[in-house]
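Residue numbers (the UniProt record's numbering): 1 to 572.
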């Protein structure tokens, strides 16, 4: 069974106390039959007598002991213990650094960054390289992995060779050094100094090849000049940087670190209660999320191209949906056939809405991603901006069945949230924890703003143009405060956590489209909306719309969470 946000909950406690009658029942249903218990406490009808305070204390004592026993049953592992054992190494996330050099930009368009070396290391631990951070107004504290050898798994470099020296963008020069690893090892980080003398061989340790795999970063952390073939990239798995023309970047292999470093169910629920997002919807939003069972209960239909019997209703758990396979076009979902039901289901039902949670390891098992998926029965029409003119795009952008998500990333070393990902149509952006907007002062729960009709997520309220921003032509992604709010922790359901072996709901195994293919001519629809624009603006907007993802255009129905590339991979 998948896990509701409260795995142990009083079933009728509120009613019993308010009416002073009836039993108080506590039910616990732990996955995979690890722990199941249902206990009733018979309280006398209290229309003529008050509830016995002694029995209330006894009930509370029993409940606390029950929860303590459950927590103890699943406790353990290496999550948030400060270090992780892997492949004969003890890894720690280090947070004490010495600033070595700051690259000041020469021109307004140049990048700038600060470079650090780990300092004050615990006894027996070695750095894996230096660290770099690009400049931003609210930088996160520098962090990088350090390692202690427990079975001769680390190796010193055999030599260093200088990659690059800079004396043009700062009062003091900097030297970037490439470690030369021994056979069978890889230098997963490089070293920076302010001296032309080679760094000592003890400056870092090299890792065995079998612990590493190639990875990539979205953008360079620093590049001195646009015309120089030299860039600095940060390994987000290790916290070390590599430098050069096209430097090979390495991360820890995902399957290397034992699952013991992942959080258990109790720890997951604690993370959700402490850090889960608050979703803010636009004040003019007409198409709100709902739960999946609500969508099915209110008339959603399953179609197939291999049957002449017409569509069928879907049962609330989705057990009559085709399971597994690929999106072969043989099945799709759609709204009810009558207009009144269609309009009702399009609006969604916020009171039933649930955040569907996927737990997965990342960064080689040194971090955990908690992904919050929201389901919308309908995605509304898009709006564009051309110059200073806002244009409704008719039915363009409309489609049935919209899945959107945010991802929170937690360090498996200390259990802290480090970043949050906001999905935005076919892409998205990572935002450091220090740069997030939080629901209230002193709280640790970030806010996610959903765009009007399109439901992309942003970390701040406002208007973002998706398209050719320099030409002032784009699709409006508009967010604002003052609309409906959804607390992700209040109605969350953990639907998948492979390391815990949870049974996933049937609807999650439906790999086909959650909406039909478009039944209107996009070009014709666009022509009706832009016929009064000047020719140049018309061409620009047509080009923009032609480049939009088919799913965003509504030309094909979206697949469910498991059909997205990010389900098993990294966020794009």
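Glycine included, C-beta positions come from ideal geometry on N, C-alpha and C.
Range covered by the alpha helix (DSSP H) that runs through residue i
{"i": "residue 296", "result": "292-297"}
{"i": "residue 154", "result": "No alpha helix (DSSP H) holds residue 154; DSSP gives it neither H nor E."}
{"i": "residue 343", "result": "339-346"}
{"i": "residue 265", "result": "265-275"}
Closest Cα partner of residue i within the set the options
{"i": "residue 217", "options": "508, 236 and 512", "result": "236"}
{"i": "residue 326", "options": "572, 565, 83 and 81", "result": "565"}
{"i": "residue 454", "options": "432, 441, 479 and 300", "result": "479"}
{"i": "residue 205", "options": "91, 194 and 266", "result": "91"}
{"i": "residue 340", "options": "401, 83, 298 and 489", "result": "298"}
{"i": "residue 207", "options": "179, 231 and 193", "result": "179"}
{"i": "residue 351", "options": "408, 288 and 362", "result": "288"}
{"i": "residue 112", "options": "512, 293, 459 and 221", "result": "221"}
{"i": "residue 517", "options": "510, 375, 499 and 398", "result": "398"}
{"i": "residue 390", "options": "541, 232 and 497", "result": "541"}
{"i": "residue 526", "options": "437, 188, 338 and 382", "result": "382"}
{"i": "residue 514", "options": "103, 152, 281 and 375", "result": "375"}
{"i": "residue 435", "options": "233, 511, 446 and 277", "result": "446"}
{"i": "residue 459", "options": "186, 422, 481 and 469", "result": "422"}
{"i": "residue 103", "options": "482, 538 and 225", "result": "225"}
{"i": "residue 438", "options": "428, 429 and 417", "result": "417"}
Outcome for residue i when other beta-carbon atoms lying within 10 angstroms are tallied against a minimum of 16
{"i": "residue 323", "result": "exposed"}
{"i": "residue 274", "result": "exposed"}
{"i": "residue 571", "result": "buried"}
{"i": "residue 360", "result": "buried"}
{"i": "residue 328", "result": "exposed"}
{"i": "residue 569", "result": "exposed"}
{"i": "residue 353", "result": "buried"}
{"i": "residue 369", "result": "buried"}
{"i": "residue 197", "result": "exposed"}
{"i": "residue 223", "result": "buried"}
{"i": "residue 477", "result": "buried"}
{"i": "residue 167", "result": "exposed"}
{"i": "residue 579", "result": "Since the first residue of the chain shown is 1 and the last is 572, residue 579 is not available in this structure."}
{"i": "residue 228", "result": "exposed"}
{"i": "residue 261", "result": "buried"}
{"i": "residue 34", "result": "With a pLDDT of only 31 at residue 34, under the threshold of 50, the placement of this residue in the model should not be trusted; the figure read from the coordinates follows. Looking at its Cβ environment, which holds fewer than 16 other Cβ atoms inside 10 Å, residue 34 is exposed."}
{"i": "residue 318", "result": "buried"}
{"i": "residue 264", "result": "buried"}
{"i": "residue 184", "result": "exposed"}
6 Å CB neighbourhood of residue i in its chain, flanking five on each side removed
{"i": "residue 239", "result": "131, 143, 144 and 145"}
{"i": "residue 139", "result": "133"}
{"i": "residue 96", "result": "119 and 120"}
{"i": "residue 163", "result": "176, 178, 243 and 244"}
{"i": "residue 349", "result": "290 and 294"}
{"i": "residue 651", "result": "With the chain represented from 1 up to 572, any question about residue 651 goes unanswered, as that position is not in the structure."}
{"i": "residue 71", "result": "For residue 71, the pLDDT reaches just 37, beneath the cut-off of 50, and the residue's location in the model is therefore unreliable, leaving the point undetermined."}
Continuous beta strand (DSSP E) stretch holding residue i: start and end
{"i": "residue 78", "result": "Looking at the DSSP string, residue 78 is not in any beta strand (DSSP E), and its letter there is neither H nor E."}
{"i": "residue 420", "result": "417-424"}
{"i": "residue 280", "result": "278-280"}
{"i": "residue 367", "result": "367-379"}
{"i": "residue 469", "result": "Neither: residue 469 is in no beta strand (DSSP E) and is coded neither H nor E."}
{"i": "residue 477", "result": "473-479"}
{"i": "residue 413", "result": "Note, residue 413: premise wrong, no beta strand (DSSP E); not H, not E."}
{"i": "residue 159", "result": "159-166"}
{"i": "residue 383", "result": "383-386"}
{"i": "residue 127", "result": "125-127"}
{"i": "residue 212", "result": "212-215"}
{"i": "residue 496", "result": "492-497"}
Sequence-distant residues of its chain with Cβ nearer than 7 Å to residue i (five each side left out)
{"i": "residue 60", "result": "Here the model assigns residue 60 a pLDDT of 48, short of 50, so the residue's position is not dependable and the matter cannot be decided."}
{"i": "residue 286", "result": "347 and 380"}
{"i": "residue 304", "result": "330 and 331"}
{"i": "residue 495", "result": "2, 356, 357, 358, 504, 505 and 508"}
Rounded distance between the beta-carbons of residue j and residue i, thought under 8 Å
{"i": "residue 215", "j": "residue 250", "result": "7 Å"}
{"i": "residue 114", "j": "residue 135", "result": "7 Å"}
{"i": "residue 567", "j": "residue 558", "result": "Contact doesn't hold; Cβ gap of about 13 Å is too wide."}
{"i": "residue 456", "j": "residue 425", "result": "6 Å"}
{"i": "residue 147", "j": "residue 126", "result": "6 Å"}
{"i": "residue 461", "j": "residue 279", "result": "Not quite, the Cβ-Cβ distance comes to about 12 Å (not below 8 Å), so this is no contact."}
{"i": "residue 355", "j": "residue 378", "result": "In fact, because the Cβ distance is near 19 Å, the residues do not count as touching under 8 Å."}
{"i": "residue 433", "j": "residue 406", "result": "Contact doesn't hold; Cβ gap of about 13 Å is too wide."}
{"i": "residue 160", "j": "residue 199", "result": "6 Å"}
{"i": "residue 211", "j": "residue 252", "result": "6 Å"}
{"i": "residue 333", "j": "residue 401", "result": "6 Å"}
Own chain, CB closer than 8 Å to residue i, minus 5 neighbours either side, in chain order
{"i": "residue 472", "result": "385, 386, 387, 388 and 465"}
{"i": "residue 344", "result": "298"}
{"i": "residue 100", "result": "115, 116, 117, 130, 174, 192, 193 and 194"}
{"i": "residue 320", "result": "302, 312 and 314"}
Check: residue i C-beta below 6 Å from any heavy atom of the ligand ZN
{"i": "residue 471", "result": "Looking at this structure, you won't find the ligand ZN or any other ligand, since it has none at all."}
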